[in-house]
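Below is one structure, written out as structure tokens; the observations come after it.
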């Protein structure tokens with residue numbers, strides 16, 4: 004029987020944000036806020052639309068910065084509780100963490116089993132302050148760690164933070180966070196295909212592999228924790244990489260429904276949004292790049308945001324190839340890390356997992372290592 008998944012719609016509480024991060028692709032409109040009446044309609048629509056294959060619903064609160072509308076959050080949570088919906092549900096909000104008052108902290112602690120806050124944190128004070136408006140000193144890290152000890156933080160990489168990636172990740176773990184659930188190359192029109200980024204990233208990945216082999220009690224950060232055995236899946240299945248338009252519906256402040264949290268009026272103009280909304284999101288093949296699917300071994304694990312791709316390419320079908328080389332490099336080091344962890348702790352893997360993982364590692368090295376041999380040797384000298 005197939006494992007059931009959660010329905011993951013998002014509700015945009017406000018377009019406004021109290022920060023202006025260097026990599027943000029959104030346009031923030033002060034005063035564009037959802038009303039409680041609109042929020043109730045969104046909630047009713049969500050609970051009447053949960054797909055049969057889903058076991059429950061995770062409702063995400065998004066902005067801008069969602070904690071700007073803390074009072075609205077409380078109203079929505081109380082409304083859902085009063086309705087006695089039959090489906091399991093949980094709330095989640097990603098926050099920059101700078102607006103939390105003692106009143107907010109107390110409320111979130113009371114509701115921590117039903118509401119999770121995820122923190123955006125880019126690393127050391129120097130890196131975080133450069134990327135995120137000198138906001139490091141405004142964050143109560145202990146509150147997040149003590150309230151949701153198993154919740155990871157989200158890190159977004161800028162050009163500035165890439166050269167210090169290992170130090171940034173080590174710093175986050177040193178604060179007490181057990182995992183980094185997101186380490187993402189920021190989206191938009193920026194060109195990650197430049198060779199200098201490969202030169203910057205390679206020694207950082209080398210250092211991180213050593214760190215995670217030595218500290219094998221830590222959860223590997225999301226960038227390096229790629230499910231390599233999916234590359235061995237046969238036959239390879241044509242499916243969307245995400246739930247855009249189906250499982251990740253986005254309710255804008257006026258209640259209008261968008262396909263995901265990227266494809267919104269904060270990212271695209273009105274005419275582009277209109278074209279996007281005419282897409283039939285149930286046709287997975289319209290989101291499959293045939294060249295990638297047929298020619299690239301790591302296709303099943305190569306991170307991909309359909310909305311960000313539309314921003315740069317004007318299509319969901321053909322993927323931008325600007326990140327190909329950097330993603331190949333990351334996959335190579337993911338394979339190296341997982342190989343060394345398997346050798347160090349073989350009992351953590353079943354025989355079938357070992358077999359498929361070893362095959363995947365061998366093929367990843369065969370396909371991608373030759374492209375990087377010279378630069379790896381140069382870096383090691």
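Residue numbers (the working numbering): 4 to 384.
Ideal placement from N, C-alpha and C gives every residue a C-beta, glycine not left out.
Enclosing beta strand (DSSP E) for residue 333 [first to last residue] = Here residue 333 belongs to no beta strand (DSSP E); instead the alpha helix (DSSP H) covers 327-347.
Beta strand (DSSP E) segment containing residue 57, residue limits = 57-65
Can you tell me the Cα-Cα spacing of residue 156 and residue 134, whole angstroms?
-> Each residue's Cα considered, the two are about 15 Å apart.
Could you check what DSSP says for residue 323 in three-state terms: helix, strand or coil?
-> In this structure, residue 323 counts as coil in the three-state DSSP scheme.
Identify, in the order they occur along the chain, each residue of the same chain with its Cβ nearer than 6 Å to the Cβ of residue 168, setting aside the five sequence neighbours on each side.
-> 207
Report yes or no: do the region 273-288 and the region 237-250 share at least 3 C-beta pairs separated by less than 8 Å?
-> yes
In three-state DSSP terms, what is residue 142?
-> coil
Beta-carbon proximity list for residue 75, same chain, < 7 Å, skipping 5 on both sides | 16, 37, 39 and 42
Could you name the residues that DSSP lists as bridge partners for residue 92?
-> 60
Spell out a yes or no on whether the region 46-55 and the region 215-229 are touching, meaning 3 or more CB-CB pairs, one atom from each, closer than 8 Å.
-> no
Can you name the residues that DSSP bridges to residue 14?
-> 64 and 254
Considering residue 22, what are the terminal residues of the alpha helix (DSSP H) in which it resides?
-> Premise fails: residue 22 is in no alpha helix (DSSP H) and is neither H nor E.
For residue 372, the nearest candidate out of 330, 353 and 358 (CA to CA) | 330
Three-state class that DSSP yields for residue 233 in the structure shown | helix
Please confirm whether residue 146 and residue 178 have their CB atoms less than 8 Å apart.
-> no
Residue 291 - DSSP class collapsed to helix/strand/coil | Residue 291 sits in coil when the DSSP states are folded into three classes, being neither helix nor strand.
Grouping DSSP H, G and I as helix and E and B as strand, with all else coil, what is residue 286?
-> Assigned with DSSP and collapsed to three states, residue 286 falls in coil, not helix or strand.
By how many angstroms is the C-alpha of residue 123 removed from the C-alpha of residue 209?
-> 24 Å
Using the C-alpha atoms, what's the distance from residue 352 back to residue 274?
-> 51 Å
Which class does residue 51 belong to by DSSP, given the choice of helix, strand or coil?
-> Assignment of residue 51 by DSSP, reduced to helix, strand and coil, places it in the coil class.
In this structure, does DSSP put residue 41 in helix, strand or coil?
-> helix
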